[in-house]
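Read in my numbering, the sequence shown has 138 at position 135, and its numbers run on one by one without any break.
For glycine and all other residues, C-beta sits at the position ideal for the given N, C-alpha and C.
As the structure is a computational prediction, the values presented were derived from the model and not from experiment.
Note sheet for the following structure.
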Amino acid sequence: MKKLLKSMALALAILSTGAQATSFATDTSDIWYNPNESGWGLGVTQQNDILFVVLYVYGANGQATWYYAPRTQFTAVNASGTVYSGPFYQATGSPYAQGFNPAAGTSRQVGTASFTLTNLTTAVFTYSIDGFSASKSVTRQTWATNNMSGNFLGGRVGTYSGCPAGGASGYLEEPGTWAVQHNTTGAQLTFSGASTSCTYDGGYAQSGHFGLVSGNFSCTNGQAGAFQAYEINAQVTALAGRITTNATNGCVYDGRLAGARRTP
4 MKKLLKSMAL
14 ALAILSTGAQ
24 ATSFATDTSD
34 IWYNPNESGW
44 GLGVTQQNDI
54 LFVVLYVYGA
64 NGQATWYYAP
74 RTQFTAVNAS
84 GTVYSGPFYQ
94 ATGSPYAQGF
104 NPAAGTSRQV
114 GTASFTLTNL
124 TTAVFTYSID
134 GFSASKSVTR
144 QTWATNNMSG
154 NFLGGRVGTY
164 SGCPAGGASG
174 YLEEPGTWAV
184 QHNTTGAQLT
194 FSGASTSCTY
204 DGGYAQSGHF
214 GLVSGNFSCT
224 NGQAGAFQAY
234 EINAQVTALA
244 GRITTNATNG
254 CVYDGRLAGA
264 RRTP
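Rendered as structure tokens:
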């Protein structure tokens, strides 16, 4: 009971959650909503394999209310996606205009909740409340564009396949630097390694706190073609993401990029 009451205090703060790091899987932390159904949404914060989910919605009386799932835990990866599930609660407590009264806090399980990440940007939220069940498609909400611009010390790691004889092959770790120039419509990422440099130039899109750049690239070793950098998370300390390339000579790369932000 004490754990549930502590969870109540966290729930509303999570409605304005920011990006959180997780090494378990693709980070689900964001505000999620259905663009065709205004007025309700989800606040999700992930730590390791557990999500703290808050549903803000309208109750039977038409007034705003909220429910929360403080331990929505990873359960499976299936054909639908990555699934997290757990108990769903409703809380009561001290009115905002009165002093805090710990005795007024209660928590009642109303059903269960399940959050299925179907791809990087979309999910399905299924829940039950006092016998009523629903399943909603949601997507990450974006309200401001992150600025990825900066210089970063790090590298790229990934796997090359289908390359011509004498070219890169298999898994490689390539230390180097990243220089990023970014505006609201496009971005240019330049990687400088020990043996080659590559420039990736493309349009920019954002879903929640993740960025995506897609366009064309060229390298000093002659490689050129199409690329997509996605799941990009730019922070004050670092830049990280995934990158895939398809060169005109058939060489395919699937990897990750990262770097610590260099100070002036």
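query	result
Inside the segment 113-162 only - beta strand (DSSP E) runs reaching at least 3 residues	125-132, 135-143
Bridge partners - ASP257, DSSP secondary structure assignment	THR162, THR247
Beta-carbon gap between TYR256 and THR247 smaller than 8 Å	yes
Cut-off 7 Å between Cβ atoms - residues of its own chain near TYR70, not counting five sequence neighbours on either side	LEU58, PHE91, TYR92, GLN93, VAL113, ILE132
Counted within 10 angstroms of its Cβ, other Cβ atoms place PRO73 as buried (16 or more) or exposed	buried
Contact test: THR193 Cβ vs the ligand NAD heavy atom, cutoff 7 Å	Only the bare structure without any ligand can be found here, which leaves the ligand NAD out of the picture.
Buried versus exposed, by CB contacts within 10 Å (16 or more), PHE135	exposed
Pair within 8 Å by beta-carbon distance, GLY205 and GLY196	no
Proximity winner among ALA229, GLU177, THR188, HIS212, relative to ASP30 (alpha-carbon distances)	HIS212
LEU18, DSSP secondary structure in three states	Confidence is the limiting factor: at LEU18 the pLDDT is only 33, short of 50, which leaves the residue's position unreliable, though a coordinate-based value still follows. LEU18 falls in the helix class under three-state DSSP.
Residues near ARG159 in its chain [Cβ-Cβ closer than 6 Å; skip 5 each side]	GLU177, GLY258, LEU260
As assigned by DSSP and simplified to three states, the class of ALA208	strand
Neighbour-count burial assignment, LYS5, 16 or more Cβ in a 10 Å radius	Residue placement at LYS5 cannot be trusted, given a pLDDT of 42 that sits under 50; what the coordinates show is reported in the next sentence. It counts as exposed.
Alpha-carbon spacing of GLY225 relative to ALA250, whole angstroms	10 Å
Where the beta strand (DSSP E) containing ARG265 begins and where it ends	Careful: ARG265 lies outside any beta strand (DSSP E) and carries neither H nor E.
Distance, PHE77 Cα to GLY262 Cα	29 Å
Three-state class that DSSP yields for PRO105 in the structure shown	helix
Beta-carbon proximity check, SER110 vs VAL127, cutoff 8 Å	no
Whole-angstrom distance between GLY102 and VAL80, CA atom to CA atom	45 Å
Residue from ALA63, GLY65, ARG264, ASP52 whose Cα sits closest to the Cα of THR182	Correcting the residue type first, residue 182 is Ala in the shown sequence and not Thr. Considering only alpha carbons, the answer is ARG264.
One or two residues paired with GLY214 in a DSSP bridge	GLN209, ILE235
As assigned by DSSP and simplified to three states, the class of GLY96	coil
Separation of GLY89 from PHE55, as counted between CA atoms	10 Å
Run of the beta strand (DSSP E) containing GLY44, from where it starts to where it stops	44-50
Environment of THR124 [buried if 16+ CB atoms lie within 10 Å]	buried
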